[in-house]
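Only one structure is covered here, and it is reproduced in the block below.
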Amino acid sequence: MSIKVTALAKHFDKQKAVDGISFEAKPGRILGFLGPNGAGKSTTMRMLTGYLAPTSGSASLCGYDSQTQNLEMRKIMGYLPENTPLYMDMYVKEFLLFVANTYNLKDAALKVEETIKRVGLTAEQHKKIAMLSKGYKQRVGLAQAIIHNPEVLILDEPTSGLDPNQLSEIRDLIKSLGKDKTVILSTHIMQEVEAICDDVIIINMGNIVANDSIVDLKEKYDGIGLEEIFRKLTTK
Ligand SMILES: Nc1ncnc2c1ncn2[C@@H]1O[C@H](COP(=O)(O)OP(=O)(O)OP(=O)(O)O)[C@@H](O)[C@H]1O
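Counting in UniProt numbering, the sequence shown runs without a single skipped number right up to 236 at its last residue.
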């Protein structure tokens with residue numbers, strides 16, 4: 001398994017943001033991570049990537065523990081956080097070269113060029129990041145997540161703020177990345193899950209309430225739409 005999560009929990013004082021969840025994800029499949037606002041999605045992703053220490057439990061990516069083997073793990077993982085931290089004063093190309101160099105990539109300049117093309121930033125590559133529209137900033141975030149060709153991609157709301165054209169391009173990109181990588185992405189857009197995900201996990205108040213392939217989940221609920229299933233499982 002390239003993502004393995006075991007009894008993972010995060011408590012903020014008395015609040016159980018993530019309440020002991022376990023799940024796995026396989027290469028070549030895209031896993032949609034869904035849940036209402038405040039359900040614990042970003043907190044889970046931050047623990048998966050080692051940016052937040054769990055209260056208990058563990059997470060590993062390709063066998064590397066997110067806490068004890070974090071440096072090794074970061075080499076095989078790409079992460080797009082919810083609010084992508086970008087260096088606004090840097091130029092797109094300069095920033096991506098900086099990221100490529102932090103991974104010690106061979107042919108860094110070439111990797112930057114290829115990645116710029118792949119995420120559709122060619123026309124914007126000479127601009128300062130601060131000057132980019134929200135959608136293009138999001139593309140820079142995706143570019144920094146994939147530049148080192150990671151085996152596992154963790155994307156926190158990768159398409160938020162994109163217009164319909166950009167949405168479709170970025171979904172196609174994620175779909176193609178998912179062919180040989182393990183991808184987990186959080187989103188609030190059900191059509192997105194139906195369009196690009198193979199599997200789905202629904203989390204509610206820190207607990208997993210569904211973990212299935214989309215096909216099987218729909219079958220279990222007599223073919224009703226994902227949105228309705230989501231509402232059934234996350235409202236009382
Ligand atoms: N650093 C923190 N300190 C205290 N509480 C926190 C902290 N980070 C998250 N929480 C709380 O944990 C819960 C889960 O938050 P999280 O951001 O993981 O939800 P989410 O599912 O990603 O929500 P959204 O869909 O709105 O992005 C929320 O109630 C949030 O207020």
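Ideal Cβ placement from N, Cα and C applies to all residues, glycine included.
Across which residues does DSSP place Thr6 in a beta bridge pair? BP columns for Thr6 point to Ser58.
How would you call Glu227, buried or exposed, if buried means at least 16 neighbouring beta carbons within 10 angstroms? Burial call: exposed.
Does the region 33-47 come into contact with the region 160-173, if we say contact requires no fewer than three beta-carbon pairs (one atom in each stretch) closer than 8 Å? Output reads no: the region 160-173 does not touch the region 33-47.
Are Met47 and Ala39 closer than 8 Å when you measure CB to CB? Taking 8 Å as the Cβ cut-off, Met47 and Ala39 do not qualify as a contacting pair.
Below 8 Å, how does it come out for the region 56-70 and the region 109-128: are there three or more Cβ pairs, yes or no? Counting Cβ pairs under 8 Å, fewer than three are found: no touch.
Take Leu31 as the anchor and find which of Ile174, Asn207, Met205 and Tyr221 has the nearest alpha-carbon. Considering only alpha carbons, the answer is Ile174.
6 Å CB neighbourhood of Pro81 in its chain, flanking five on each side removed: Counting only Cβ-Cβ distances below 6 Å, and skipping sequence neighbours, we find Asp156.
Would you identify the three-state DSSP class for Ile229, choosing helix, strand or coil? Correct three-state label for Ile229: helix.
Any idea what DSSP makes of Leu217, helix, strand or coil? Helix at Leu217.
Compute the minimum distance between the beta carbon of Thr43 and the heavy atoms of ligand 1, and state whether it is under 7 Å. Within the cutoff, so yes.
Can you list, in chain order, the stretches of the alpha helix (DSSP H) that have 4 or more residues and sit fully within the region 109-173? 134-146, all fully within the region 109-173.
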